[in-house]
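Residue numbers (the numbering used here), protein chains in the order written: chain X, 1 to 330; chain D, 1001 to 1468.
Scroll down for the structure; my scribbles are underneath it.
If you want it as structure tokens, here you go:
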């Protein structure tokens, strides 16, 4: 991988200033994204995955402040662009699809209206032309009878259809990066598989890079080329999907993988990670995962682990990663 | 037309409450539009319209009704010409001035009262004078004097008078004094002396009320229900007063023209208070923070004032009148809208489709116009239509308290105010004056009901959040 990354995130820090204190939702996240590649960001709820994506898009609300770091898109520092320049990048270069297709479409407009909105905005075409593009897009995302569906309202479509429409909207301007924030969480399993397949196909066709945010290790295994595992606002492990799944080098990744139910082992008790995600207002000292870690040592309370490269392109934030060697993922 | 629009319209027109509400409103709208034809205004606003001459007007007798009491017990007052813009009454000489004054004070608009004095007074006086001096005339050789004086014909009297000039040297002096007496009437501003030329004038004195259309007390003359009788008592339906009379005013006219008042109050107050509420609520909702805090506390302060008390205080500052009442209703009527729109905006702001639109690079202005407003405006529209009705009740309440419409203004509340003292009916006859309350009451109930039904139907069909 000697190519120039299309998107580079360096030591990103996003804090929320609430009445109760400072919530360090994203606290030093770094990763790269290459052309045509899929990066999976995985982690439990509240680990800062979504905030990372919203920070890249600069769509955070007033309470959040970007405290530091850089987001470099094709040589441009996104965090330093003016609001107007950033608005042109949104949708056009970087698009985003959301978790809840039920609420991510405006109920008062037809599907066509909403897809056309972005097309007219960024491509400066006439309405009739935009409508044609919208119908083509709908056909491309696998919506049957797109000529009819284009005039329907979101409530007339099923969940899977709406997610397809959302994808059509996001792809309307042929973005170079698509951020998918848990795109399949709200869908049932068969539809999930269809949507993932569709996204992979479209990614190939458009040659775009994809950031897949999810808490589902299965989705990651199926789609991602590389994975960033996040815990409590930090990337704890970062590497190719094969490395991560076969040789996890962080106890958290190991625990995540262990908690996937397996089909090939009978009557096995489903493992879970003890405890809960730490309170973001009050992270434990030292390694943030140590209270829940099976392999925790006394030193873990005092050291703030940095990412270290264990093999080319594979990083972990656990200095004691060697304990995992020889331990098989159950 | 798009399929969805068609479907929505179909759904709207299938809704029974919308059908009932709309039909009542259409009815009221027609009544309001055609009010000048249904109940022609008593005073001609149009100068080209022929002003009726009181003396050629058809006589409408009021004999079937008790003659209303007047200020003077012994005044012999009789309507000889009724309706339209003039009154003519027979009065005795000494009553002319006080009565003229009374009439002017009793009227709702600035008017001039013209008193016609028929010269026949002078004739009678000449007759009496000549009769007194009959002996003197006979002595002077005017043998026929008695016959001539008693003669029915004017010519004879003139002949007698001519001869008298020759015989009685002081007669011309007497005539002059009569002239000065007439002149006295002339000098008084309101009195006009008419010599001959009104053959149909049956009485020696006639009072003609001339309305000054340019100077109306309060409001446009069409909105005023003319006071036709100087009585406050309800009078049951007679002739073309279909709904009877109250306070000497035609209830039918009041109900018909009151429809216009109701629409006017409803539309103006709803429009302005909704606009104010929208602006304040949206600013508070969009910007949040301390702006929200300040605006919402102001809203709370306004909400904490009891409306009627606040309106009463405000009218003491501004003065009474329908426009002042409307101002008061606007000032104290925007808070509900402000809170509603603020709440909706706060809710919609968090919706994912707003974030999705932002993620597509849509401009803030378009996000507000295309995504926020359409999702927040419907509850406001529905609330506004519901309020249209209730505002009329509030205005009626204020009119009932005497704060609203000026006396005589065509307003349902004002009509109810007149009938206040007769709500209990007469002794032993509870329902004697039922009409005084029932007609304006029915109009008001129907009006409020119609707006509420329409509001309900609008919510059922158009609110996007109840769809699908």
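Glycine is no exception: its CB is placed at the ideal position from the N, C-alpha and C atoms.
Subject >> Residue-chain proximity (residue 129 of chain X, chain D), Cβ-Cβ < 8 Å >> reply: Position 129 of the first chain, counted from the first residue, corresponds to residue 129 of chain X. Cβ-Cβ to chain D under 8 Å: no for residue 129 of chain X.
Original post:
According to the neighbour-count rule (16 or more other Cβ atoms, all chains shown, within 10 Å of its Cβ), is residue 282 of chain X buried or exposed?
Top reply: Numbered from 1 along the first chain, position 282 holds the residue referred to as residue 282 of chain X. By the neighbour-count rule (16 or more Cβ atoms within 10 Å), residue 282 of chain X is not buried but exposed.
Original post:
Quick one, which of D/1029, D/1420, D/1327, D/1457 has its alpha-carbon nearest residue 1386 of chain D's?
Top reply: Numbered from its first residue, the second chain carries residue 1386 of chain D at position 386. Measuring from the Cα of residue 1386 of chain D, the nearest candidate turns out to be D/1457.
**OP:** Report back the beta-carbon spacing between residue 43 of chain X and residue 290 of chain X to the nearest angstrom; my notes put them in contact at under 8 Å.
**Re:** For the purposes of this step, residue 43 of chain X is identified with residue 43 of the first chain, where counting begins at 1. For the purposes of this step, residue 290 of chain X is identified with residue 290 of the first chain, where counting begins at 1. Taking C-beta atoms under 8 Å as the contact rule, residue 43 of chain X and residue 290 of chain X fail to qualify, at a distance of about 17 Å.
**OP:** Output, in chain order, the set of chain X residues within a Cβ distance shorter than 7 Å of residue 1353 of chain D.
**Re:** What you label residue 1353 of chain D is simply residue 353 of the second chain in a count that begins at 1. The contacting residues are 103, 104, 105, 106.
**OP:** Going by CA-CA distance only, name the one from D/1433, D/1325, D/1357, D/1346 that's closest to residue 1422 of chain D.
**Re:** Here residue 1422 of chain D is taken as the residue at index 422 of the second chain, counted from 1. With distances taken between Cα atoms, residue 1422 of chain D lies closest to D/1433.
**OP:** State the Cα-Cα distance for the pair residue 1289 of chain D and residue 260 of chain X, rounded to the nearest angstrom.
**Re:** Translated into positions along the second chain, residue 1289 of chain D becomes position 289. Translated into positions along the first chain, residue 260 of chain X becomes position 260. Their backbone Cα atoms lie some 44 Å apart in a straight line.
Original post:
Do residue 324 of chain X and residue 251 of chain X come within 8 Å of each other at the CB atom, strictly closer than that value?
Top reply: In the first chain, counting from the first residue as 1, residue 251 of chain X sits at position 251. In the first chain, counting from the first residue as 1, residue 324 of chain X sits at position 324. Contact flag set, yes.
Original post:
When you check each C-beta in the stretch 1354–1371 of chain D against every C-beta of chain X, which residues fall closer than 7 Å?
Top reply: 1355, 1356, 1358, 1359, 1360, 1361, 1362, 1363, 1371
Subject >> Of the listed residues D/1140, D/1036, D/1400, D/1173, nearest to residue 1126 of chain D (C-alpha basis) >> reply: The residue you call residue 1126 of chain D lines up with position 126 of the second chain. The option with the nearest alpha carbon to residue 1126 of chain D is D/1173.
Original post:
Rounded to a whole number of angstroms, what is the C-alpha to C-alpha distance between residue 295 of chain X and residue 288 of chain X?
Top reply: As a position in the first chain, residue 295 of chain X is number 295, starting the count at 1. As a position in the first chain, residue 288 of chain X is number 288, starting the count at 1. The alpha-carbon atoms of residue 295 of chain X and residue 288 of chain X are separated by roughly 13 Å.
Original post:
Relative to chain D, which residues along the stretch 289–314 of chain X have a C-beta separation below 9 Å, given in chain order?
Top reply: none
Original post:
By Cβ distance below 6 Å, which residues in the same chain neighbour residue 120 of chain X in space, the five residues on each side in sequence not counted?
Top reply: By one-based count along the first chain, residue 120 of chain X stands at place 120. So the qualifying residues of the chain are 130.
Original post:
At which residue ranges does the stretch 230–276 of chain X contain complete alpha helix (DSSP H) runs of 4 or more residues, listed in the order of the chain?
Top reply: Runs found: 241–246, 251–258.
Original post:
Just reading off the alpha helix (DSSP H) that residue 1026 of chain D is part of, what are its end residues?
Top reply: Taking the second chain and counting its residues from 1, the one referred to as residue 1026 of chain D is at position 26. That run of the alpha helix (DSSP H) goes 1016–1033.
**OP:** Count the other C-beta atoms from every protein chain shown that fall within 10 angstroms of the C-beta of residue 1128 of chain D, then say buried if there are 16 or more, exposed otherwise.
**Re:** For the purposes of this step, residue 1128 of chain D is taken as residue 128 along the second chain, with counting starting at 1. When all chains shown are included, residue 1128 of chain D counts as exposed.
Original post:
In angstroms, rounded to a whole number, what distance separates the CA positions of residue 1193 of chain D and residue 1023 of chain D?
Top reply: As a position in the second chain, residue 1193 of chain D is number 193, starting the count at 1. As a position in the second chain, residue 1023 of chain D is number 23, starting the count at 1. For residue 1193 of chain D, the predicted structure reports a pLDDT of 49, less than 50, and the residue's modelled location is therefore unreliable. A value from the coordinates is still provided. Cα to Cα, residue 1193 of chain D sits roughly 56 Å from residue 1023 of chain D.
Original post:
Taking the alpha helix (DSSP H) that residue 148 of chain X falls in, what are its first and last residues?
Top reply: For the purposes of this step, residue 148 of chain X is identified with residue 148 of the first chain, where counting begins at 1. Counting along the chain, the alpha helix (DSSP H) containing residue 148 of chain X begins and ends at 146–149.
Original post:
Based on the DSSP secondary-structure assignment, which residues constitute the bridge partners of residue 309 of chain X?
Top reply: Here residue 309 of chain X is taken as the residue at index 309 of the first chain, counted from 1. In DSSP, residue 309 of chain X forms a bridge with X/315.
Original post:
Looking only at its own chain, which residues have a Cβ that is under 6 Å from the Cβ of residue 297 of chain X, when we skip the five neighbours before and after it?
Top reply: For the purposes of this step, residue 297 of chain X is identified with residue 297 of the first chain, where counting begins at 1. No residues qualify anywhere along the chain.
Original post:
How big is the Cα-Cα spacing for residue 54 of chain X and residue 1390 of chain D?
Top reply: Here residue 54 of chain X refers to the residue found at position 54 when the first chain is read from its first residue. Here residue 1390 of chain D refers to the residue found at position 390 when the second chain is read from its first residue. Going by the C-alpha atoms only, they are around 47 Å apart.
**OP:** Would you check if the stretch 1364–1376 of chain D and the stretch 1249–1266 of chain D touch, i.e. whether three or more CB-CB distances between them fall below 8 Å?
**Re:** no
Original post:
In three-state terms, what does DSSP make of residue 127 of chain X?
Top reply: Taking the first residue of the first chain as position 1, residue 127 of chain X is located at position 127. If DSSP states are grouped into helix, strand and coil, residue 127 of chain X belongs with the helices.
Subject >> Exposed unless 16 or more other CB atoms sit within 10 angstroms - verdict on residue 204 of chain X >> reply: Walking along the first chain from the start, residue 204 of chain X turns up at place 204. By the Cβ neighbour-count rule, residue 204 of chain X is exposed, with fewer than 16 other Cβ atoms within 10 Å of its own.
Subject >> residue 1333 of chain D versus residue 1301 of chain D - alpha carbon distance >> reply: Start at 1 with the first residue of the second chain, and residue 1333 of chain D comes out as number 333. Start at 1 with the first residue of the second chain, and residue 1301 of chain D comes out as number 301. Their backbone Cα atoms lie some 13 Å apart in a straight line.
**OP:** Report the option in X/37, X/40, X/106 whose CA atom is closest to the CA atom of residue 1353 of chain D.
**Re:** Stepping through the second chain from its first residue, residue 1353 of chain D is reached at position 353. When each option's Cα is compared against that of residue 1353 of chain D, the closest is X/106.
Subject >> Outcome for residue 1455 of chain D when other beta-carbon atoms lying within 10 angstroms are tallied against a minimum of 16 >> reply: Translated into the one-based positions of the second chain, residue 1455 of chain D becomes position 455. Residue 1455 of chain D comes out buried.
Subject >> Test item: CB-CB of residue 303 of chain X and residue 49 of chain X under 8 Å >> reply: The residue given as residue 303 of chain X occupies position 303 in the first chain. The residue given as residue 49 of chain X occupies position 49 in the first chain. No, they are not a contact pair.
Subject >> Nearest-angstrom beta carbon gap, residue 221 of chain X and residue 235 of chain X [assumed within contact, 8 Å] >> reply: Indexing the first chain from 1 puts residue 235 of chain X at position 235. Indexing the first chain from 1 puts residue 221 of chain X at position 221. With 8 Å as the limit, residue 235 of chain X and residue 221 of chain X do not qualify as a contact, their Cβ atoms being about 19 Å apart.
**OP:** Please compile the residues from chain X whose C-beta is within a distance smaller than 7 Å of the C-beta of residue 1374 of chain D.
**Re:** Here residue 1374 of chain D refers to the residue found at position 374 of the second chain. Ordered by position in chain X, the residues that pass the 7 Å Cβ test against residue 1374 of chain D are 108.
**OP:** For residue 91 of chain X, return the contacting residues in chain D, with the cut-off set at a CB-CB distance below 7 Å.
**Re:** If you number the first chain from 1, residue 91 of chain X lands on position 91. Within chain D, the residues near residue 91 of chain X are 1359, 1360, 1361.
**OP:** Count the C-beta pairs between the stretch 1334–1347 of chain D and the stretch 1262–1276 of chain D that are closer than 8 Å, then say yes if the count reaches three, no if not.
**Re:** yes
Original post:
What is the rounded straight-line gap between the Cα of residue 1319 of chain D and the Cα of residue 1280 of chain D?
Top reply: Within the second chain, residue 1319 of chain D is the residue found at index 319, counting from 1. Within the second chain, residue 1280 of chain D is the residue found at index 280, counting from 1. Approximately 27 Å between the Cα atoms of the pair.
Original post:
Using the beta-carbon count (16 or more within 10 Å), is residue 186 of chain X buried or exposed?
Top reply: Here the question's residue 186 of chain X lines up with position 186 in the first chain. With 16 or more other Cβ atoms within 10 Å, it is buried.
**OP:** Specify, as a first and last residue, the run of the alpha helix (DSSP H) that residue 71 of chain X falls within.
**Re:** Position 71 of the first chain, counting from 1, holds the residue named residue 71 of chain X. That residue, residue 71 of chain X, is in no alpha helix (DSSP H); its beta strand (DSSP E) goes 64–73.
Original post:
Should residue 245 of chain X be flagged as near chain D, meaning a C-beta pair shorter than 8 Å?
Top reply: Walking along the first chain from the start, residue 245 of chain X turns up at place 245. Not closer than 8 Å to any Cβ of chain D, the Cβ of residue 245 of chain X fails to qualify, so no.
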